[in-house]
Structures are given as structure tokens and as C-alpha cells.
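Novice: The C-terminal position of the sequence shown is numbered 1956 in the working numbering, with every residue numbered one higher than the one before it.
Okay, here's the structure, questions in a sec.
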Amino acid sequence: MIPDVSKALSWLEANPTVLDGICRGIERETLRVTPEGHLAKTRHPESLGASLTHKWITTDFAESLLEFITPVDNSIDRTIDFLNDLHRYTARNLGDEKMWPLSMPCFIDDEENITLAQYGTSNVGRFKTLYREGLKNRYSALMQTISGVHYNFSLPLSFWQARLGIKDAETGKEQISEGYLRLIRNYYRFGWVIPYLFGASPAICPSFLRGRNTALSFEKTEKGTFYLPYATSLRMSDLGYTNKSQSDLNITFNNLHTYVEGLKKAIHKPSADFAAIGVKKGDKYLQLNTNVLQIENELYAPIRPKRVTLEGESPSDALLRGGIEYIEVRSLDINPFSPIGVDETQIRFLDLFLIWCTLADAPEMGSKELECCRGNWSKVILEGRKPGLHIGIGGGIEQQPLKSVGQELFRDLERVAEVLDACSGTQYQSVCKELVTMFEDPSLTFSARVLGKMKTQGIVGFGLELARKYSQELIEEPYSILNNESFSAERDASVLRQHNLEQQDSMSFDDYLKLHAGN
């Protein structure tokens, strides 16, 4: 049912130290809301600094959509502590506003109240806001207020040296990239396990559906919340982060160069739908261009290969220059049971699963199998807890019970857990024991627990109760790593960095767009 990983696991058990030094980073999004649970209409708080240039606290699509970014670290504890500190500082600086603890948005009475993120008067800042204007005009502002958690993960060089026999990262970049692409292909095949376990958006506020057509057969609670009885992550469904115009791009993950080639084609491929919007109306720009993707980051995917870019470098050019440096997991809903939207159990599970994805055989994947994998994801997203649910294996050649596939996967993950725990207790093994029970009893999954609360309280009632509780906790907790002085220093430095960018511009915004917007 799943690949035979016994030989690779035996190798790992014989070489446990190759996993020392796994690096991680977390990006968490959250809406600012009023005390009544409505979308905040205020600007990004000045006390948090300049969102364009702040290292840790920025905004995503909207002024009211905060994003927290942790530095790369090889300690889970430090990463969690750092993320906690970012939330503690922000909670102290929001006044009466709170951080929304759910992926699907709070009550939004009118899309016009969603203010695009503002990044000042520099060309780069205006470019970022215009990109968001394009997203609004292409997919609606409401869809862009959905929040998630992104998990950045890289294996240590020692792993690749031992596994592939390479000398260093530069000369071995092609082999390392192939290793990460193997991970990505297995992620597409089996990553549905993430929304099954951790999907936490089985329901939506009725305001989210206003004026939208959907073929989904929603049921309605007494509080007016719409839900699907077996759904796990509506955030990942066609209601959320999908782009139908991208479905025929045929971007595959068999080879880094063909992946980049597909990405570059997409940012130059004209779209009739987006051409109908136009680039400019009068003096107002409506989007960066009329191609299928305005920029590469517009490609919606549950996982991305990444490399830190140099100044002025595109993500794909960075990949061609240095190979894949890390991967970004994008399929985590906000964890409503954590004040910071994610917890240690989830991080440890992702470590286990991503290591397994790297070790398991991963035959090349054509567009047909990729479509089958997307079908599996869709099944789990919309009805993952449905009794007797089957998923396609081997490109859909056979159908297997989701429960059986999940339990078999965890038998392998337990062996990975033993390796990771070899020098540090039983934390990874405990995660396996806790999570594997969710296949026998789906009522233990995040989505089942969340839906139970939403049925009695409604999505706004449930979210607001948690938001108030977490705000109070965060305000009362002391900092773990950072302090007021470090936050003040970064706030002031971010304002200065933005000011300097604005002073350095030497060309008009129109000329800047001609150079950077692919027109």
C-alpha cells in the first residue's frame, strides 16, 4: 500500500546522527479582530514597526492580516519560544483587538472593508500592494483573508553527505535537489495525512459564502454556521486557496529544471480571464499583468521547494543558482487549540513525515498521477472522517481504506521516531502513539473537535472565546527569548529600513513595473 522503506529505515537506524541539525522555521498568519469578532478596520499598528521591513512581524494580504516569522533554528523549543514571544508582544500592542484563532475568517460584513496591506511609497512597497490588488481582482479579497501556518524544513548537510555520498552543498546541489523533489512527490502522494490529522476548518461563517456559488452540500447549525459533516480543511478546498486557471499548467516535480521551466512559462502565459480585468483603469493599476501568474509566488501549492533569494532575484532563479535549500509545507490550518496557531506535536509529526518522504521510493510522477493525488487530497479535505473512506494508491490503480494506509504509514514513522529519540527521550515516539489513534477514532482529529464546538457556539462564538482567552494568557506571560528592548530596537530599525528604501528610489513606479512586472 505504501512504499517499502525498510531498507532505508535500516540505513537510518545505523546512522542516527545524520539527522542532527534539522532546521525549521514557522510563518503564522492571523487576522486582527474587534472585541465583537468582526474584522478590524484599523491600520497595521505603528507600535509593531514597518510591515515591509520588519524581520519578524509583517502582514500578508491585508492590513488586518498579521504574519509572524521565526528565524531559522535547529531547536524546536527555541522556535516555539520565539513564536510565543512574537504573539506576547503583539497581544500587548493591539489594544482591544484580538488575534483570530481560526483559519477561516471571522464575520466580514463587506469585502470593501478589507484594506490591502500597505507598504509605504517605495517602488518595492507599492509593487507588493499592487500584487495584492491583483489577487483581490482575480480571486476576491475574502478568499485572501483565509489564514494558515507554513512550516519550513531542511535536512542537515550531514544527512545528504551520508545518504548521497556528496562532498559539499555546492558540488552536490543537483543531488540534494533531487532528494527534496523525492520528498515533494511523496508529499503529494501521502500528504493528505496532514489535513486528516490537523485540518481545523470543517465549517465557515455564512458571511464567507455571501454572493458565492458553491456545489458543496453544506449543512447549517442553529447558530447559522455552515459545515460539512466529515470535512477536515475547507481552507484547502475549492472555497479556499485554489486557482482553477493553474490546473492545466502541468508543473511537475520530477526534475528541478523542468519545474522551474514550468513556473517560468506560467508567469508569461496569457490568461483571457485576467486580460478581461485589464492592467490599468484610468490612472489606477488593477494587477501587475494579465498572465496566469502575476509572480511566481501566486502558484498555489501545498508544498514548495525554496531557496533564500539574493536581492533582485526571483525564487526560480535562486533555485537554479543554488538548488533546493529547504521546503515549505503550506497545508497546515491554524491550530485553534494553541495560542500561537501551532504546537510541538505538529512540528514533531512533520519532522517524522518529511524524513519518511525523503527516504521512501518516489517514482517520477506524471500529470495523470498528480491529478489522482489531488483527488485524494480533495476527498480527505471534504470528507476525511467519513466511515469507510477509501483513497487511490499507485496513481489510482487500487483503492485502499484511508485508515489502513494511515496505520501502515505510522508503523514506519515509529521507526523514524526511535532514531530521533535515541539521544533525547521519547518525545517523537509519544507523538506517534498519540496521533495514530486518530485513524481508529476520527472523533479525536482536530476537525471533529472543532466542529463539535462550532455546532454549539457558532464559528464566531467559538473563535471569539478562544481569542479572548489567548489574548489574556499571552499578555500575562513573560517573554522567553526576546524582551521589550529587542522588540523596540527591531521596530525602530524596520521604520528606518523602510524610510531608506523610499529615499533610494531612482525610477518612476511605471518604469519599475516595466522592469519587474512581466508586461
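Just so it is clear, CB atoms sit at the ideal spot from N, CA and C, and this is done for glycine as well.
Just to confirm, is the Cβ distance from Cys1543 to Leu1646 under 7 Å?
Specialist: Against a cut-off of 7 Å, the Cβ pair of Leu1646 and Cys1543 comes out as no contact.
Novice: Spatial neighbours of Asn1623 within its chain, please: CB distance less than 6 Å, with the 5 preceding and 5 following residues excluded, ordered by chain position.
Specialist: Taken in chain order, the residues that qualify are Cys1794, Ala1797 and Ala1799.
Novice: What are the boundary residues of the beta strand (DSSP E) that Tyr1763 is part of?
Specialist: Tyr1763 to Asp1770 is the extent of the beta strand (DSSP E) around Tyr1763.
Novice: To the nearest angstrom, how far is the alpha carbon of Ile1912 from that of Tyr1526?
Specialist: Cα to Cα, Ile1912 sits roughly 8 Å from Tyr1526.
Novice: Could you compute how far the alpha carbon of Glu1464 sits from the alpha carbon of Ile1506?
Specialist: Going from the Cα of Glu1464 to the Cα of Ile1506 covers about 5 Å.
Novice: Would you grab the beta carbon distance between Arg1852 and Leu1446 for me? Rounded to a whole angstrom, and I think it's under 8 Å.
Specialist: Going by Cβ atoms, the distance from Arg1852 to Leu1446 rounds to 5 Å, so yes, they are a contact pair.
Novice: Using DSSP bridges, identify the partner residues of Ile1641.
Specialist: Ile1641 pairs with Phe1663.
Novice: So Trp1537 and Ala1904 are in contact, right, with Cβ under 8 Å, and what is the actual spacing, rounded?
Specialist: Right, the Cβ-Cβ distance comes to about 6 Å (below 8 Å), so this counts as a contact.
Novice: Which residue spans inside the segment 1816-1876 form an unbroken beta strand (DSSP E) run of at least 3?
Specialist: Runs of the beta strand (DSSP E) inside the segment 1816-1876: 1827-1830 and 1835-1838.
Novice: Buried or exposed for Leu1747, please, with buried defined as at least 16 other CB atoms from any protein chain shown within 10 angstroms of its CB.
Specialist: It counts as exposed.
Novice: Go ahead and label Cys1860 buried or exposed: buried means 16 or more other beta carbons lie within 10 angstroms of its beta carbon, across all protein chains shown.
Specialist: Flag for Cys1860 reads exposed.
Novice: Is the segment 1922-1941 in contact with the segment 1706-1713, if contact means three or more CB pairs nearer than 8 Å?
Specialist: Cβ pair count under 8 Å is below three, so no.
Novice: Can you tell which of Ile1613, Val1873, Leu1523 and Val1729 has the C-alpha that lies nearest to the C-alpha of Ile1764?
Specialist: With distances taken between Cα atoms, Ile1764 lies closest to Ile1613.
Novice: Is the segment 1496-1504 in contact with the segment 1546-1556, if contact means three or more CB pairs nearer than 8 Å?
Specialist: Contact between the segment 1496-1504 and the segment 1546-1556 is present, because at least three Cβ pairs lie under 8 Å.
Novice: Is the segment 1605-1612 touching the segment 1777-1784, taking contact as three or more C-beta pairs under 8 Å?
Specialist: Judged by Cβ distances under 8 Å, the segment 1605-1612 makes no contact with the segment 1777-1784, as fewer than three pairs qualify.
Novice: Would DSSP call Glu1748 helix, strand or coil?
Specialist: It is coil, neither helix nor strand.
Novice: Can you list, in chain order, the residues of its chain with a C-beta nearer than 6 Å to that of Thr1467? Leave out the 5 residues immediately preceding and following it.
Specialist: Closer than 6 Å at the Cβ level, and outside the excluded window around Thr1467, lie Leu1503, Met1536, Trp1537 and Ser1584.
Novice: Can you tell me whether DSSP reads Arg1647 as helix, strand or coil?
Specialist: The answer is coil: DSSP assigns Arg1647 none of H, G, I, E or B.
Novice: In whole angstroms, give me the CA-to-CA distance for Leu1560 and Gly1831.
Specialist: It should be noted that the sequence gives Asn, not Leu, for residue 1560. Answer to the nearest angstrom: the Cα atoms are 48 Å apart.
Novice: Beta carbon of Leu1791, beta carbon of Phe1635: below 7 Å?
Specialist: The answer is no: Cβ separation not under 7 Å.
Novice: Taking Leu1846 and Leu1826 to be in contact with their CB atoms under 8 Å, please state how far apart those CB atoms are, rounded to whole angstroms.
Specialist: Not really, about 15 Å apart at Cβ, beyond 8 Å.
Novice: Ordered along the chain, which non-local residues of its own chain (more than five positions away) have a Cβ less than 8 Å from that of Thr1727?
Specialist: Contacts found: Pro1707, Ser1708, Phe1711, Ala1712, Ile1714, Gly1715 and Val1716.
Novice: Skipping 5 residues on each side, what residues in its chain have a beta carbon closer than 8 Å to that of Asn1691?
Specialist: So the qualifying residues of the chain are Leu1618, Arg1622, Glu1801 and Met1802.
Novice: For Gly1486 versus Ser1931, is the C-beta spacing smaller than 7 Å?
Specialist: In contact: Gly1486 and Ser1931 (Cβ atoms closer than 7 Å).
Novice: Going by DSSP, what residue range makes up the alpha helix (DSSP H) through Tyr1633?
Specialist: First-last of the alpha helix (DSSP H) with Tyr1633: Val1630 to Phe1635.
Novice: If you follow the beta strand (DSSP E) that Cys1460 is part of, which residue opens it and which one closes it?
Specialist: Note, Cys1460: beta strand (DSSP E), Cys1460 to Val1470.
Novice: Can Pro1382 and Ala1637 be called in contact, C-beta distance under 7 Å?
Specialist: Lying before the first or after the last residue shown, residue 1382 is absent from the chain, which here runs from 1438 to 1956.
Novice: Any idea what DSSP makes of Ser1884, helix, strand or coil?
Specialist: Reduced to three states, the DSSP call for Ser1884 is helix.
Novice: How is Ile1583 classed by DSSP in three states: helix, strand or coil?
Specialist: Three-state DSSP puts Ile1583 in coil, outside helix and strand.
Novice: Counting along the chain, where does the beta strand (DSSP E) carrying Arg1741 start and finish?
Specialist: Unbroken beta strand (DSSP E) run through Arg1741: Ile1740 to Lys1743.
Novice: When you compare the CB positions of Ser1488 and Thr1495, do they come within less than 7 Å of one another, or not?
Specialist: Against a cut-off of 7 Å, the Cβ pair of Thr1495 and Ser1488 comes out as a contact.
Novice: I need the straight-line Cα distance from Thr1558 to Thr1582, nearest angstrom please.
Specialist: Their Cα atoms are separated by approximately 24 Å.
Novice: Helix or strand or just coil, what does DSSP make of Asn1530?
Specialist: The answer is coil: DSSP assigns Asn1530 none of H, G, I, E or B.
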